[in-house]
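Just so we're on the same page, our numbering is the position in the sequence shown counted from 1, plus 1.
Glycine included, C-beta positions come from ideal geometry on N, C-alpha and C.
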Amino acid sequence: MRFLILIAPKDFKDESLAMVKLFFNRWNIEYRVGSYSRGECEGYHGAVYKPDVNANDVRSSDYDGLMIIDGSGIESSRMYEYRPLLDMILLFNNSNRYICAMGNAVKIIARANVIKDKKIAMPADEDTARMVVLFHGIPSKEKIEIDKNIITIRDSNGLDESLPKMLQRVGVI
Numbered sequence: 002m003r004f005l006i007l008i009a010p011k012d013f014k015d016e017s018l019a020m021v022k023l024f025f026n027r028w029n030i031e032y033r034v035g036s037y038s039r040g041e042c043e044g045y046h047g048a049v050y051k052p053d054v055n056a057n058d059v060r061s062s063d064y065d066g067l068m069i070i071d072g073s074g075i076e077s078s079r080m081y082e083y084r085p086l087l088d089m090i091l092l093f094n095n096s097n098r099y100i101c102a103m104g105n106a107v108k109i110i111a112r113a114n115v116i117k118d119k120k121i122a123m124p125a126d127e128d129t130a131r132m133v134v135l136f137h138g139i140p141s142k143e144k145i146e147i148d149k150n151i152i153t154i155r156d157s158n159g160l161d162e163s164l165p166k167m168l169q170r171v172g173v174i
């Protein structure tokens, strides 16, 4: 199993990335951290990561899934409007690869138009919730929703409960 973990160039949630990496390491899931930045990416709390891969160079056939990390950088970088990212998500979806988004990163997969008629764990962020409805997702109050290849996590609180459910669904646990 191989995942691409996608982070914003600035202000991604450090704790979300750390928790995902912890679980992936625990269950021997191979992963690479990617971003659209060619330089170092800085988290909201100051963690600095040099991406393993530039997201412009990603092919969906190289990964079993995509995990998009939340954070205020989604908004400040306007990642939900970046056409190459939306196209990459479409390629993952068309290849039936797993697409996982948490918190306000759900806005990105909504804009990629891959959530129609799928249950979506509704984030508290009003703008993201509005996007889910606009792109015909089915709102859910659950912490995590898994609908075919689309996995949404309401927020990064409780990732220690949500990630095992996700990993069970993808067949790792």
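Alanine 102 versus isoleucine 109 - alpha carbon distance: Within the sequence shown, residue 102 is the residue found at index 101, counting from 1. Within the sequence shown, residue 109 is the residue found at index 108, counting from 1. Alanine 102 and isoleucine 109: Cα-Cα distance of roughly 8 angstroms.
Contact between the segment 137–150 and the segment 113–122 (3+ Cβ pairs under 8 angstroms): yes
Methionine 20 and aspartate 161 closer than 8 angstroms at C-beta: The residue labelled residue 20 in the question sits at position 19 within the sequence shown. The residue labelled residue 161 in the question sits at position 160 within the sequence shown. It is a contact, given that the beta carbons lie within the stated cut-off.
Nearest-angstrom Cβ-Cβ length linking leucine 7 and isoleucine 69, presumed shorter than 8 angstroms: Working through the sequence shown from its first residue, we reach residue 7 at position 6. Working through the sequence shown from its first residue, we reach residue 69 at position 68. Confirmed, about 5 angstroms.
Residues bridged to glutamate 162 (per DSSP): Numbered from its first residue, the sequence shown carries residue 162 at position 161. In DSSP, glutamate 162 forms no bridge with anything.
Reduced DSSP secondary structure (H/G/I, E/B, other) of valine 59: Start at 1 with the first residue of the sequence shown, and residue 59 comes out as number 58. It is coil, neither helix nor strand.
Length-filtered (3 minimum) beta strand (DSSP E) runs lying within the segment 23–73: Runs of the beta strand (DSSP E) inside the segment 23–73: 31–36, 42–44, 66–69.
Span separating the alpha-carbon of glutamate 76 from that of lysine 11: Numbered from its first residue, the sequence shown carries residue 76 at position 75. Numbered from its first residue, the sequence shown carries residue 11 at position 10. In a straight line, the C-alpha of glutamate 76 is about 10 angstroms away from that of lysine 11.
Beta strand (DSSP E) segment containing lysine 108, residue limits: For the purposes of this step, residue 108 is identified with residue 107 of the sequence shown, where counting begins at 1. Lysine 108 -> not in any beta strand (DSSP E); alpha helix (DSSP H) instead, spanning 107–112.
Beta-carbon gap between leucine 67 and phenylalanine 4 smaller than 8 angstroms: Within the sequence shown, residue 67 is the residue found at index 66, counting from 1. Within the sequence shown, residue 4 is the residue found at index 3, counting from 1. Yes. Within cutoff.
Residue range of the alpha helix (DSSP H) that includes proline 85: Sequence index remark: in the sequence shown, residue 85 carries index 84 (1-based). Per DSSP, proline 85 belongs to the alpha helix (DSSP H) from 84–95.
Leucine 18 - partner residues in DSSP beta bridges: On the sequence shown, position 17 is the one that residue 18 refers to. None; leucine 18 has no bridge partner.
Beta-carbon spacing of methionine 89, valine 59 below 8 angstroms: Taking the sequence shown and counting its residues from 1, the one referred to as residue 89 is at position 88. Taking the sequence shown and counting its residues from 1, the one referred to as residue 59 is at position 58. For methionine 89 and valine 59, yes; Cβs fall inside 8 angstroms.
Exposure of isoleucine 174, with buried meaning 16 or more beta-carbon neighbours within 10 Å: Translated into positions along the sequence shown, residue 174 becomes position 173. With fewer than 16 Cβ atoms within 10 Å of its Cβ, isoleucine 174 is classed as exposed.
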